[in-house]
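> As given, the protein sequences belong to chains E and B, one line each in that order. So in our numbering, the last one in the first sequence is 288, and the numbering has no gaps at all. So in our numbering, the last one in the second sequence is 288, and the numbering has no gaps at all. We put the CB at the ideal spot given by N, CA and C, even for glycine. This structure is a prediction, so every number in the text was calculated from the model and none was measured. First the structure, then my questions, so here it is.
2 protein chains.
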Amino acid sequence: MSVPSGARTRLDPEARREQLLGLGVELLSTRDLDELSIDLLAEKAGISRGLLYHYFGNKQEFHEAVVRRAAADLIAVTAPVDDPDLGTRLLVSLDRYLAFVEHNHRGYVSLVRAANGSNSVMREIYEEARGALTDRIFDTAGTDGLATFGVVDTPAVRMMVRAWAVMVEDVVVRWVADPVGVGRDDLLATLAAMLAHAAQSAPPSA
Amino acid sequence: MSVPSGARTRLDPEARREQLLGLGVELLSTRDLDELSIDLLAEKAGISRGLLYHYFGNKQEFHEAVVRRAAADLIAVTAPVDDPDLGTRLLVSLDRYLAFVEHNHRGYVSLVRAANGSNSVMREIYEEARGALTDRIFDTAGTDGLATFGVVDTPAVRMMVRAWAVMVEDVVVRWVADPVGVGRDDLLATLAAMLAHAAQSAPPSA
Numbered sequence: 083m084s085v086p087s088g089a090r091t092r093l094d095p096e097a098r099r100e101q102l103l104g105l106g107v108e109l110l111s112t113r114d115l116d117e118l119s120i121d122l123l124a125e126k127a128g129i130s131r132g133l134l135y136h137y138f139g140n141k142q143e144f145h146e147a148v149v150r151r152a153a154a155d156l157i158a159v160t161a162p163v164d165d166p167d168l169g170t171r172l173l174v175s176l177d178r179y180l181a182f183v184e185h186n187h188r189g190y191v192s193l194v195r196a197a198n199g200s201n202s203v204m205r206e207i208y209e210e211a212r213g214a215l216t217d218r219i220f221d222t223a224g225t226d227g228l229a230t231f232g233v234v235d236t237p238a239v240r241m242m243v244r245a246w247a248v249m250v251e252d253v254v255v256r257w258v259a260d261p262v263g264v265g266r267d268d269l270l271a272t273l274a275a276m277l278a279h280a281a282q283s284a285p286p287s288a
Numbered sequence: 083m084s085v086p087s088g089a090r091t092r093l094d095p096e097a098r099r100e101q102l103l104g105l106g107v108e109l110l111s112t113r114d115l116d117e118l119s120i121d122l123l124a125e126k127a128g129i130s131r132g133l134l135y136h137y138f139g140n141k142q143e144f145h146e147a148v149v150r151r152a153a154a155d156l157i158a159v160t161a162p163v164d165d166p167d168l169g170t171r172l173l174v175s176l177d178r179y180l181a182f183v184e185h186n187h188r189g190y191v192s193l194v195r196a197a198n199g200s201n202s203v204m205r206e207i208y209e210e211a212r213g214a215l216t217d218r219i220f221d222t223a224g225t226d227g228l229a230t231f232g233v234v235d236t237p238a239v240r241m242m243v244r245a246w247a248v249m250v251e252d253v254v255v256r257w258v259a260d261p262v263g264v265g266r267d268d269l270l271a272t273l274a275a276m277l278a279h280a281a282q283s284a285p286p287s288a
């Protein structure tokens, strides 16, 4: 009986904080952000509210930390796999993104709402994550990879790829709530094909 | 001197309320929604705060009414023109949408944030407007119009057209803030072409 407790107390504060954030993200998968209180986390983690306030300051900072962690999780989980084929790498990342939203639907919708809402800190966190996700597409493809699609990296192309990502977000959240008869693989194939098209149809930039 | 005052008092309450909402939307064009207070509207309209509270109840209801009115304005201003060519009708509507965002950038961004945020009434108002805008595309094109693009009206096609509209919203708001060297006409042509492509690449639905 003393082993788990001993293991827990051996964690340094940073690791303990990360563990609590992981629990926060997990709790968020079936809840709105508004319903994720310090009280709930304290109860689920079996520690005092006082200690949680010590780690997170206040509810707003706690929510920001959870959103930051969820964004980091999303970036990590969709990281490109080691496959020589660009199309395969894209499909695998899209598949993992879709799985992430499927498993965290309510929390993800709540995150996206918080991220698009009026709170500027939340917006910034998510905007940064979206930026990282689209920048990674260019890093992963590389100049040669883009060239196979007849695409050159310009600000206009980045703008269109960013817009594609926003579109994917909308389609995926909507599809998880109501698939309207569309199969999972067909959805992924469509979204992947639209990326190339969005990049290819970018307007010329002076 | 008595004429404008006389003209004003002759307005029935409904017309007066509409006039005040019009002023609210106008004030919003250069302000965030948060900055649009009953006090400011009272000052600009030259009437008492008490009378405004009589019309709008409270700040939240006032904001909802302004957002509702802005959404109605957006739907009205982008209404399809009377041109036999589908492509022309689409380009004119897109052009007017872009002009609307150009002239109301700050207020529009604030509206979109409120609409995507956590307030469910705001979300519903804007979601309805988005739904009306995309439904109108199908009504305007008609079955024959869709057929010229090889498109049949299915839930999956509606999902993709809805996603296209979200993409347009993102691109336009971004482009107005920073055109990244892209010309206005090129942007409009790209967005128009992407609608057909989005509809055509809808996944099959069972």
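For the alpha helix (DSSP H) that contains residue 129 of chain B, what are its first and last residues?
Note, residue 129 of chain B: premise wrong, no alpha helix (DSSP H); not H, not E.
> How do the segment 213–230 of chain B and the segment 131–144 of chain B stand: do at least 3 beta-carbon pairs fall below 8 angstroms, yes or no?
Contact fails: fewer than three Cβ-Cβ distances are below 8 angstroms.
> How should residue 89 of chain B be labelled, buried or exposed, when 16 other C-beta atoms within 10 angstroms of its C-beta is the threshold for buried?
At residue 89 of chain B the pLDDT is 48, less than 50, meaning the model places this residue with poor confidence; the figure from the coordinates comes in the next sentence. Looking at its Cβ environment, which holds fewer than 16 other Cβ atoms inside 10 Å, residue 89 of chain B is exposed.
> Tell whether a beta-carbon distance below 8 angstroms holds between residue 255 of chain E and residue 237 of chain B.
Going by C-beta atoms, residue 255 of chain E is not nearer than 8 angstroms to residue 237 of chain B.
> Assuming contact is defined by CB atoms lying nearer than 8 angstroms, are residue 173 of chain E and residue 270 of chain E in contact in what I supplied?
Going by C-beta atoms, residue 173 of chain E is nearer than 8 angstroms to residue 270 of chain E.
> Whose C-alpha, out of B:153, B:128, B:96, B:161, is nearest the C-alpha of residue 138 of chain B?
Answer by Cα proximity: B:96.
> Leaving out the 5 sequence neighbours to the left and right, which residues in its chain are closer than 7 angstroms to residue 247 of chain B when beta-carbon positions are compared?
Excluding positions up to five away in sequence, the list reads 212, 215, 216.
> Secondary structure at residue 183 of chain B, three-state DSSP: helix, strand or coil?
Residue 183 of chain B falls in the helix class under three-state DSSP.
> Use the C-beta contact count for residue 286 of chain E: other C-beta atoms within 10 angstroms, 16 or more gives buried, fewer gives exposed.
The residue in question, residue 286 of chain E, is exposed, as its Cβ has fewer than 16 Cβ neighbours within 10 Å.
> Locate the alpha helix (DSSP H) running through residue 216 of chain B, then write down its first and last residues.
That run of the alpha helix (DSSP H) goes 202–230.
> Quick one: what's got a C-beta closer than 8 angstroms to residue 185 of chain E's C-beta in the same chain, skipping five residues either side?
So the list reads 111, once near-sequence residues are dropped.
> Evaluate the contact criterion for the segment 196–210 of chain B versus the segment 194–204 of chain E: three or more CB pairs, one atom per stretch, below 8 angstroms.
Flag = yes, the segment 196–210 of chain B and the segment 194–204 of chain E touch.
> With a 10 Å radius around its C-beta and 16 neighbouring C-beta atoms as the bar for buried, classify residue 171 of chain B as buried or exposed.
The residue in question, residue 171 of chain B, is buried, as its Cβ has 16 or more Cβ neighbours within 10 Å.
> Report back the beta-carbon spacing between residue 222 of chain B and residue 162 of chain B to the nearest angstrom; my notes put them in contact at under 8 angstroms.
Contact flag correct, Cβ pair sits at about 5 angstroms.
> Residues of chain B with a CB under 7 angstroms from the CB of residue 279 of chain E: which are they?
The contacting residues are 279.
> Rounded to a whole number of angstroms, what is the C-alpha to C-alpha distance between residue 273 of chain B and residue 265 of chain B?
Those two C-alpha atoms are separated by around 12 angstroms.
> For residue 281 of chain B, which residues of its own chain have a beta-carbon under 8 angstroms away from its beta-carbon, when the five flanking residues on both sides are left out?
Once the five neighbours on either side are set aside, the close Cβ partners of residue 281 of chain B are 228, 231, 233, 239, 242, 243, 246.
> List, in chain order, every chain B residue whose beta-carbon is nearer than 8 angstroms to that of residue 285 of chain E.
In chain order: 264, 265, 268, 269, 271, 272.
> Would you kindly work out how many angstroms separate the C-alpha atoms of residue 208 of chain B and residue 148 of chain B, rounded to a whole number?
Going from the Cα of residue 208 of chain B to the Cα of residue 148 of chain B covers about 12 angstroms.
> Hey, quick one: how far does the alpha helix (DSSP H) through residue 272 of chain E stretch, first residue to last?
Run containing residue 272 of chain E: 266–282, per the alpha helix (DSSP H) assignment.
> Check whether chain B comes within 8 angstroms of residue 203 of chain E, counting only Cβ atoms and requiring the distance to be less than that.
Chain B contact via Cβ: absent.
> Taking residue 160 of chain E as the reference, which of E:166, E:176, E:267 has the closest Cα?
If we check each option's Cα against that of residue 160 of chain E, E:176 comes out closest.
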